[in-house]
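Asker: Here you go, one structure.
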Ligand code: URA
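In my numbering, the protein residues as written are 20 to 304.
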């Protein structure tokens with residue numbers, strides 16, 4: 020990964036006001052942390068970015084650089100620096116702000132062909148400091164119209180599951196592997212998932228959920244890159260970006276196969292136990 024001095028991204032940032040510059044540096048810092056968590060041990064950075072990222076000093080807005088004074092493309096290669104040390108977890112207010120930034124970037128994303136057919140992007144929604152993050156496959160027709168994850172029939176069932184666990188919907192975070200609706204609700208293609216995954220990784224790093232619940236085969240495949248089917252994997256603890264992950268059936272599958280609800284409830288009880296919680300008493304109708 021190269022953050023090149025004088026790249027178009029960098030020069031755009033340098034001409035912005037200092038708060039936007041600070042936000043961008045903060046986002047890059049968080050991204051560097053994901054890379055580190057994923058095993059990257061070296062980055063190429065220009066000296067000024069490295070100083071800011073490593074020191075995390077409040078930025079003084081750099082003066083706009085007149086085009087003639089910009090470094091030439093032939094400048095020497097930037098120094099190699101080690102990934103920065105672990106930073107304290109960011110607070111909920113910062114996380115909320117950064118999540119909005121992610122959603123803003125998603126709203127103008129053109130990284131895969133799904134942007135051509137979407138109505139609205141669906142970045143996901145919910146608490147910015149959830150105990151549980153649910154990750155589904157991708158938006159359907161209702162989600163595409165509203166820009167919100169899991170608001171159709173499958174979403175209503177997911178709401179029931181969340182509430183049966185003793186949470187309100189806005190106390191968890193609900194998102195998807197891809198942020199744009201695949202035409203005719205087809206399964207997202209591997210390239211589409213790969214293009215979209217960095218957004219999800221950013222969200223996970225900001226949300227820091229205690230548990231991820233991967234809903235269905237596509238979510239599991241997209242996150243864990245496994246060919247093993249959901250029937251085998253459901254109910255077994257896994258890990259993603261250092262966060263405990265429980266695979267279970269997708270609510271849409273449960274609508275077609277209600278018998279699977281029993282398995283999902285077993286999985287959700289395991290999640291609650293993991294969180295030191297017990298399911299609330301069942302309300303009499
Ligand atoms: N199915 C999903 O996987 N995600 C949604 O948001 C809706 C239905």
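Backbone N, C-alpha and C fix where the C-beta goes; we use that ideal spot for every residue, glycine too.
Since the structure is predicted, the reported quantities are computational estimates derived from the model, not experimental observations.
(1) Can you tell me which residues form a DSSP beta bridge with residue 195?
(2) Below 6 Å CB to CB, which residues in the same chain sit around residue 200 once its five sequence neighbours on both sides are set aside?
(3) For residue 178, which option in 193, 166 and 165 has the closest C-alpha, if you only look at C-alpha atoms?
(4) Taking only three categories from DSSP, how would you classify residue 301?
(5) Below 8 Å, is the gap between the Cβ of residue 234 and the nearest heavy atom of the ligand URA?
(6) Does the pairing of the segment 215-223 with the segment 162-176 give three or more beta-carbon distances under 8 Å?
(7) Identify whether residue 267 lies in helix, strand or coil by the three-state DSSP scheme.
(8) Return yes when the Cβ of residue 223 is within less than 9 Å of the Cβ of residue 152, no when it is not.
(9) Have a look at the DSSP bridge pairing and note the partners of residue 259.
(10) Cβ of residue 276 within 8 Å of any heavy atom in the ligand URA?
(11) Comparing C-alpha positions only, which one of 208, 112, 248 and 125 sits nearest to residue 235?
(12) Any heavy atom of the ligand URA closer than 8 Å to the CB of residue 195?
(13) Here's the rule: buried if 16 or more other CB atoms are within 10 angstroms of the residue's CB, otherwise exposed. What is residue 308?
(14) Whole angstroms are fine: how far does the CA of residue 225 sit from the CA of residue 114?
(15) I'd like the list of long-range same chain contacts for residue 239, defined as Cβ closer than 7 Å, with 5 residues on each side in sequence excluded.
(16) Excluding five sequence neighbours on each side, which residues of the same chain lie with their C-beta closer than 7 Å to the C-beta of residue 243?
(17) Is DSSP giving residue 121 helix, strand or coil here?
(18) Which word fits residue 292, buried or exposed, when buried means at least 16 other C-beta atoms lie within 10 angstroms of its C-beta?
(19) Report the rounded CA-to-CA distance for residue 129 versus residue 301, giving the unit in angstroms.
(20) I need the DSSP call for residue 145, collapsed to helix, strand or coil.
(21) Express the C-alpha separation of residue 280 and residue 166 in angstroms, rounding to a whole number.
(22) Count the other CB atoms within 10 Å of the CB of residue 210; is the residue buried (16 or more) or exposed (fewer)?
(23) Would you call residue 285 buried or exposed, if buried means 16 or more other Cβ atoms sit within 10 Å of its Cβ?
(24) Report yes if the C-beta distance between residue 237 and residue 191 is below 9 Å; otherwise report no.
(25) Alpha carbon to alpha carbon, what distance is there between residue 184 and residue 299?
(26) Which two residues bound the contiguous beta strand (DSSP E) that contains residue 234?
(27) Hey, how far is the Cα of residue 142 from the Cα of residue 120?
(28) Mind checking whether residue 144 and residue 117 have CB atoms under 9 Å apart?
Answerer: Answer, in terms of the structure:
(1) 155
(2) 137, 158 and 163
(3) 193
(4) coil
(5) yes
(6) no
(7) strand
(8) yes
(9) 262
(10) no
(11) 248
(12) yes
(13) Outside the displayed span of the chain (20 to 304) sits residue 308, for which this structure offers no information.
(14) 6 Å
(15) 233, 245, 249, 252 and 266
(16) 257 and 259
(17) helix
(18) exposed
(19) 45 Å
(20) strand
(21) 27 Å
(22) exposed
(23) exposed
(24) no
(25) 7 Å
(26) 230-234
(27) 11 Å
(28) no
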